[in-house]
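Count along the sequence shown starting at 1, add 791, and that's the number in this note's numbering.
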Amino acid sequence: MADTKLSNADAPQPGGAPLVTHTELARHTSRDNLWVLVGDTVYDITGLLDTHPGGTGPLLKWAGRDATKAFAPIHPPGTLETLPREATIGKIDRATVPHAAVEMTPEEKRMKAAREALPPMQAVLNLAEMEALAEGVLSATAWGYYRSAGDDENTFDENRRSFKQWWFRPRVLHKITNTDTSCRIFGHASALPIWAAPAALARLGHPDGEMNIVRASGKEGIVYGISSNASCSVEEIMGAKQPGQNLIFQLYVNRDRAATAAQVPKLRAQGYSGLMVTVDAAVAGNRERDQRAKGGEFVGPARGKSQDNGGGAGVALAISGYQDPDVAWEDIPWIQCLTDLPLYVKGIQSVEDAATALEVFKVQGIILSNHGGRSLDYAPPPMSILQELRAERPELLDRHEVYIDGGVTRGTDVLKALCLGARGVGLGRAFLYANALWGEDGCRRTIEIMRNEIITGMRLMGVTSIKQLRPELVRFVGGSGGAGAVQEAPVWQRAKL
């Protein structure tokens, strides 16, 4: 810990912590003595330079300055409370802080104008329109992180395109007035065959972050997977939870295995109903949108000891440096021994690995996923793996819980996956975009859109319950039948709502 001696003017105040002047804060900007202000508290973060997951770049950027605006969106409350006691220098003396005129940046002006031009929420009819609107109200850093995908983004594109390669074989003349969309997701009752997939840093889009998605999921009756990199604390998340609501924790195994060994056994008591371990992101993918748009808050490249993981720069690297790139199959029994929660493996990308997870290691279920196209470019889309499972190992689909996520934009996408044997479909980015636009209401609108599309699709297919969806109701057409057609501009743009 660096020298934290205060000047006489900064002596401890009666009944409280020392007051630190703005001038004193500004003196501590070197690698050997680095202070930052977060909220009302000044911290000595010199000891973090070699271990910060995002490297030294972001820390040095804010040396001797107020880092609150950069810190808050990507760190849950209480993060700095884990520092040694001596790292807390004292409270900032607000009387000494210069009061510069507050002027909006060009980006802030752009975001404000976009928000003021938003159509009424109910006028947004599909998820593509929601995404287009979200780009306008998000910062370049947030949009770059949310939307980014690996390399040339071929896998991202194929995730969406793969659904267009399947067409329906509707059955007609059935009574379809009463339609039941209920099912079980991760062993729990769900109002719809969808779940909110884990996606990090929801606070980049809205101050309430993941709490909005928790509230919306609970009120609409679907399961939500909470990211290890959530920007809200466990206390905030559980405080937003509805009675009886089911939340699944998504785990990245820590390089410090002791940290994971301490974390996982606490999950049930914290309120989680299941555990999924992510295996399709051993290192951060080469996400060029994220790297270009990382902005002043995430300058770099990061050069901390934890940075050398083979991945790229940007927000993704800033939050993922703690993740262990050497997680292997033999770690699955270890994780299972840490908890009695049902374990799911998220990120299966081959029939062989699906069989290994389900038959050898006896996990509760698997999620076919390529990390939303954010990891290895040219990794197969989940629908392709689902098709292979249906053709080569249909018994795995019949006997086990198999889910998919990635590329879902329509309720008909969900129905196609269920016809092939998936138990449910996850949506990640869709909730981040909705959260950025209208918070909890936006997330509930996303679920409403999916519900309407799923029910309409089921009725037009001639089925009235999820259990009636089956392989003979879909046909693989490959690139024919209109797949790959250029999508029109969103309706709200053409109608100028």
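Ideal Cβ placement from N, Cα and C applies to all residues, glycine included.
As the structure is a prediction and not an experimental result, all values here were calculated from the model.
Taking 8 Å as the upper bound for CB-CB distance, residue 1160 and residue 1198 are not in contact here, some 10 Å apart. Note: residue 987 is bridge-paired with 1015 and 1218 in the DSSP secondary-structure output.
For residue 1266, the beta-bridge partners assigned by DSSP are 958.
DSSP, read as helix, strand or coil, puts residue 977 in coil. Counting only runs of 3+ residues, the beta strand (DSSP E) found wholly inside the segment 1005 to 1083 occupies 1015 to 1017, 1038 to 1042 and 1065 to 1069, in chain order.
Counting along the chain, residue 935 sits inside no beta strand (DSSP E); it lies in the alpha helix (DSSP H) bounded by residues 931 to 938. Around the CB of residue 828, 16 or more other CB atoms lie within 10 Å, so the residue is classed as buried. Within the model, the alpha-carbon separation for residue 1267 versus residue 957 is close to 5 Å. For the segment 1098 to 1140, the full-length alpha helix (DSSP H) segments reaching 4 residues or more read 1106 to 1111 and 1122 to 1129 along the chain. Residue 1120 sits exposed, since fewer than 16 C-beta atoms from the chains shown fall within 10 Å of its C-beta. In terms of CA proximity to residue 883, 855 leads the group 897, 855 and 864. Within the segment 821 to 884, the runs of alpha helix (DSSP H) at least 4 residues long that lie entirely inside it are, in chain order, 848 to 852 and 859 to 862. Judged by DSSP in its simplified three-state form, residue 1159 adopts strand. In the three-state reduction of the DSSP assignment, residue 999 falls in the coil class. Of 879, 926 and 1207, the smallest CA-CA separation from residue 909 is found for 926. Contact between residue 1195 and residue 1182 does not hold, since their C-beta atoms are separated by about 16 Å, which reaches or exceeds 8 Å.
Rounded to whole angstroms, the gap between the alpha carbons of residue 970 and residue 1125 is 43 Å. The segment 1125 to 1134 makes no contact with the segment 1171 to 1181: fewer than 3 CB pairs, one atom from each, lie closer than 8 Å. Burial is judged here by how many other beta carbons sit within 10 angstroms of a residue's own beta carbon; residue 1163 has at least 16 and is buried.
The beta carbon of residue 1031 sits closer than 6 Å to the beta carbons of 1002, 1005 and 1006 from its chain, once the five residues preceding and following it are set aside; these are given in chain order. For the set 823, 940 and 872, the Cα lying nearest the Cα of residue 1105 is the one of 940.
Using a 10 angstroms sphere on the CB of residue 1243, the tally of other CB atoms stays under 16, which defines it as exposed. By the criterion of a C-beta distance shorter than 7 Å, residue 1018 is surrounded in its chain by 989, 990, 991 and 1041, once the five residues flanking it on both sides are discounted. Taking C-beta atoms as the reference points, residue 1078 and residue 1165 count as a pair closer than 8 Å.
In chain order, 1019, 1069 and 1114 place their CB closer than 7 Å to the CB of residue 1043, counting only its own chain and leaving out the 5 sequence neighbours on each side.
If you check the CB distance, residue 1149 and residue 1158 do not come in under 8 Å. In the structure shown, residue 1192 adopts extended strand secondary structure according to DSSP, grouped into three states.
Rounded to the nearest angstrom, the gap between the Cα atoms of residue 1152 and residue 1212 is 21 Å. Of the residues assessed, residue 979 falls on the buried side of the cut-off, its CB having 16 or more other CB atoms within 10 angstroms. Taking every protein chain shown into account, the CB of residue 1057 has fewer than 16 other CB atoms within 10 angstroms, so this residue is exposed. In the DSSP assignment, residue 1176 falls within the alpha helix (DSSP H) that extends over 1173 to 1183.
1027 is the residue among 1059, 1254 and 1027 whose C-alpha sits nearest the C-alpha of residue 867.
Within a 10 Å sphere around the beta-carbon of residue 1015 sit 16 or more other beta-carbons, which makes this residue buried. In this model, residue 921 and residue 1221 are separated by some 8 Å (Cα to Cα). Counting only residues of its own chain and dropping the five nearest sequence neighbours on each side, residue 1147 has a CB closer than 8 Å to the CB of 1120.
Taking residue 968 as reference, the option from 1052, 1247 and 1011 with the minimal CA-CA separation is 1247.
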